[in-house]
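Residue numbers (the UniProt record's numbering): 1 to 257.
The structure appears right after this line, and notes come after that.
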């Protein structure tokens, strides 16, 4: 008999409260290995808090997380070696150049210097950062920082890549490059998990998704399952989390002249 397939991420009963208010309220999540998985929800739904608990930088008040078969808590080190993470606004050492940032990341992961240099050069070229590799991170635009953050996250070839709103601040060309890079990573066995409130991105890229609101998972399944009979995924999303129509008289004074 073959080995049992281990899910990429399993979270059970995740809770996190701030000042008595639950940011994540009993969340269950299973991300199959090799999938492109979307975590969707409006601002304040708890997406970022959930991701920070999954990657081992924010301790849950309750519940468990397992990444690539390894428990994240209480000892996060082994799980973190299997993860790559890109934040919405990646935090990096501002006084390092882009190339130096990758060299530092390689040292942290114990990569062979020759192999690390080869990987860094390829990532910089693919992400259109070769010309800027000598500039300090402090001088990078947000879009450049996101691309550099992805390079850092991929350098050690993690089993699971987690991204928080990865496509904001990227122009269409670099959005396409990032999507193609993520698809290539996935085709070679990696798992991609990303949060977003942009439904066309989720619908275009994801196999499965969960919709969060008020810290809870409202619905989980394939994108087609979540969309259901709605004309678009965006409409299904609004129906799930609650929309808001403008009142008849609101902004009645607004006109073009």
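Glycine is no exception: its CB is placed at the ideal position from the N, C-alpha and C atoms.
The structure presented is a predicted model; accordingly, all values stated were derived computationally and were not measured.
Cut-off 8 Å between Cβ atoms - residues of its own chain near residue 211, not counting five sequence neighbours on either side: 40, 41, 217, 218, 219, 220, 226, 237, 240, 241
Compute the Euclidean distance between the alpha carbons of residue 21 and residue 58, then round it to the nearest angstrom. 16 Å
Alpha helix (DSSP H) runs wholly inside the segment 176–220, at least 4 long, in chain order: 199–205
Run of the beta strand (DSSP E) containing residue 26, from where it starts to where it stops: 21–31
Taking the Cβ atom as the reference point for each residue, do residue 83 and residue 162 lie within a distance shorter than 8 Å? yes
Evaluate the contact criterion for the segment 149–156 versus the segment 86–97: three or more CB pairs, one atom per stretch, below 8 Å. yes
Can you check which of these residues, 50, 74, 233, is closest to residue 15 by C-alpha distance? 50
Would you mind working out which of 158, 131, 68, 188 sits nearest residue 85, comparing C-alpha positions? 158
From what residue to what residue does the alpha helix (DSSP H) around residue 233 run? 233–241
In angstroms, rounded to a whole number, what distance separates the CA positions of residue 96 and residue 103? 10 Å
Return the CA-CA distance between residue 204 and residue 168, expressed in angstroms with no decimal places. 16 Å
Just to confirm the assignment, what range does the beta strand (DSSP E) spanning residue 16 have? 9–18
Sorted by chain position, which residues of the same chain lie with C-beta nearer than 7 Å to residue 119's C-beta, five sequence neighbours on each side aside? 155
Report yes if the CB atom of residue 37 is closer than 8 Å to the CB atom of residue 188, and no otherwise. no
Which runs of the beta strand (DSSP E) fall wholly inside the segment 23–82 and span at least 3 residues, in chain order? 36–40, 62–67
Pick from 60, 69, 61, 56: whose alpha carbon is nearest that of residue 77? 56
My assumption, with CB atoms under 8 Å, is that residue 32 sits in contact with residue 68. Please give the rounded CB distance. Not confirmed; about 12 Å, so no contact.
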